[in-house]
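Straight run, no breaks: the sequence shown in the numbering used here ends on number 294. For every residue, glycine included, the Cβ atom is placed at its ideal position computed from N, Cα and C. Bear in mind the structure is a predicted one, so any value in this text is a computation, not a measurement. What follows is one structure encoded as structure tokens, with my remarks underneath.
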Amino acid sequence: MSIATEHTPTGAGAPGGFLGRSRTFSGVSPAQIGVAWLWLSVIVLLPLAAITVQSFDNGWSGFWDAITDDAAIDALTITVWVSLVVALINVVFGTLIAWVLVRDEFPGKAFVNAIIDLPFALPTIVASLVLLSLYGPNSPIDIQLNATQPALVIALTFVTLPFVVRQVQPVLLELDRDVEEAAAVLGASNVTTFTKIVLPALLPSILTGAGLAFTRAIGEFGSVVLIGGNIPGETQVASQYIQQQIEVDEPVNAAAISVVLLVIAFIALLILRIVGRRQSVREEKDQ
């Protein structure tokens, strides 16, 4: 019986026919895995390894001196601080925009939904030029913010706008609204319904979007190059400091700061991924 069960016909309508071939087709062969790893290595791993090796060309002491230089510390501090503010702004307003786009209908909704992705398509230096024309010395609205940290926040918020919105939108679309309606019938307020029912379900996607916004912000260059001012100790971010080190023929210092940014980005994404996964597991258990 076992032999007869295993050796089934291989015709089109038989279980071992197209179905068996579809299982083979949907699998991943060792060659495909090798190609994927090769591509990942060429595009990501080898460049990261190269910049890491270069950062230690002067030894550990040279690396430490590069990242503890006063100007480097100032640039890293400003970068991390501004990026955290940008991530928090995106959490609040990105979630709000996603909520409006999913739960409300209004004239021009399709247009608003389309321009959310504009920062992805627009060259970031164009964004810096646009913001400089709006908030620079010749501001048509008489608001001059160039060469200030608020200008950095505005520029980085502009280029990171889509991350939280696009992470939260699909979760909102898939959210079961029957639970919300049941809570409303039982007398729960809108705030209670959102904080107790909706927010926990959105939290993993919000954290993911915030992490992406933060990591994009700490490495951003084009959007701040004109409006930021590049003032050491005030508005010079890490990417501008790296450029400065390259211009003064200190590529090892530039590589060292680049490695620090990579480590910060990796740790931030790892922490947010762990927190988001735990939240998802907790939600599944509650259900």
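Rounded to the nearest whole angstrom, the C-alpha separation of GLY115 and ASP149 is 29 Å. The Cβ atoms of PRO126 and PHE100 lie no closer than 8 Å to each other. With contact defined as three or more Cβ pairs closer than 8 Å, the region 231-239 and the region 140-160 are in contact.
DSSP places GLN247 in the uninterrupted alpha helix (DSSP H) bounded by 245-254.
Taking all protein chains in view, the Cβ of LEU159 is crowded by 16 or more other Cβ atoms within 10 Å, so the residue is classified as buried.
Taking a C-beta distance under 8 Å as the contact criterion, GLY226 and ILE132 do not qualify as a contact pair. Within the same chain, and ignoring the five residues on either side of ASN97 in sequence, the residues whose Cβ sits closer than 8 Å to its Cβ are THR164, THR167, LEU168, PHE170, VAL171, GLY216, ALA217, ALA220.
For ASN197, the uninterrupted alpha helix (DSSP H) run begins and ends at 197-200, by DSSP.
Taking 4 residues as the minimum length, the alpha helix (DSSP H) runs contained wholly in the region 35-109 are 37-47, 53-62, 66-75, 77-96, in order along the chain. The C-beta of LEU139 has 16 or more other C-beta atoms within 10 Å across all chains shown, which makes the residue buried. Residue state for ILE150 is assigned as coil, using DSSP reduced to three classes.
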